[in-house]
Amino acid sequence: MAIKEQMLNEIKECEKLLIGIGEEWNRDEAKKEDSLYEKLGQLIKDKDYFIVTTLTNGELLKSGLDPKRMVAPCGNVTWRQCSKSCTKDIWEPGEIADDICPHCGEPLTGNTIQAEEYIEEGYLPQWNAYTRWLAGTLNKKLLILELGVGFQTPTVIRWPFEKTVSVNNKAFMYRIHGSFAQLSEGIREKAESVPVNSVNFFRDFS
Ligand SMILES: [Zn+2]
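First residue of the sequence shown: 1, per full-length UniProt numbering; consecutive thereafter.
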């Protein structure tokens, strides 16, 4: 069976669907392609899913997918925080017109891991929602799609996903990446490596 049909079948049959989106989706062409997220949405809209992304561009949040089912632990550049971290306040886009911290007068900066001192309160509520959701996958048929996640921040998606697939007897993972699709020893029986750029793969998906 062709890999895409096999994957479509797995998506149809799984009870829980965990998706990781990594740096391959940060390419300019991916950003311009709203249709990529639209396609993803069409594919998963009826599923019990959760999406984790290492991207900080805020595109996922604008995608129309349910924000209660996603988390961006590395932050979101369109959300603003004080560059001196004088406060844990985080502002939405446009909320502070002059982009200056109303508390200390220093410039605001993106609420991401790039900030000198990252205010983690921005993503923590959704992180908690994610860990609760994940706890509910343990004895369920769990499908994991890891899309373009390399080694920039492997502690966020790549390594934890390997652990998740290995502790759940009914889990299966597809690791799709143009250069880093290799599988570690412990998960080879429960995962398939798809050595193709995940943006290209997804563009022609269905
Ligand atoms: Zn400040």
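For every residue, glycine included, the Cβ atom is placed at its ideal position computed from N, Cα and C. Note that the coordinates shown come from a computational prediction; the quantities given were computed from them, not determined experimentally.
- Secondary structure at G186: helix, using DSSP grouped into helix, strand and coil.
- Nearest in C-alpha terms to W25, of all of V199, T131, M7, is V199.
- Between ligand 1 and the CB of K88, the shortest heavy atom gap is not smaller than 7 angstroms.
- By the neighbour-count definition (other C-beta atoms within 10 Å, threshold 16), T54 is a buried residue.
- E95 has its CB no nearer than 7 angstroms to any heavy atom of ligand 1.
- Taking 7 angstroms as the cut-off, one finds no heavy atom of ligand 1 near enough to the beta carbon of E5.
- Membership of Q81 in the beta strand (DSSP E) is indicated by the continuous run 75-82.
- In the DSSP annotation of this structure, the continuous segment of the alpha helix (DSSP H) that includes I3 starts and ends at 3-13.
- A straight line joining the alpha-carbon of P195 with that of I176 spans about 6 angstroms.
- At least one heavy atom of ligand 1 is found less than 7 angstroms from the C-beta of C101.
- Inclusion of Q126 and L108 in the CB contact set at 8 angstroms is not warranted, their separation being larger than that value.
- In this structure, E15 lies away from F172, with their beta-carbon atoms at least 8 angstroms apart.
- In this structure, L36 lies near R203, with their beta-carbon atoms less than 8 angstroms apart.
- Under the DSSP assignment, E162 falls in the alpha helix (DSSP H) whose first and last residues are 158-167.
- Put simply, of G64, E120, G20, N57 the residue whose alpha carbon is nearest the alpha carbon of E38 is G64.
- Taking the Cα positions, I96 is about 33 angstroms away from T155.
- K68 carries a helical assignment under DSSP once its states are collapsed to helix, strand and coil.
- Between D98 and E117, the alpha-carbon positions lie close to 21 angstroms from each other.
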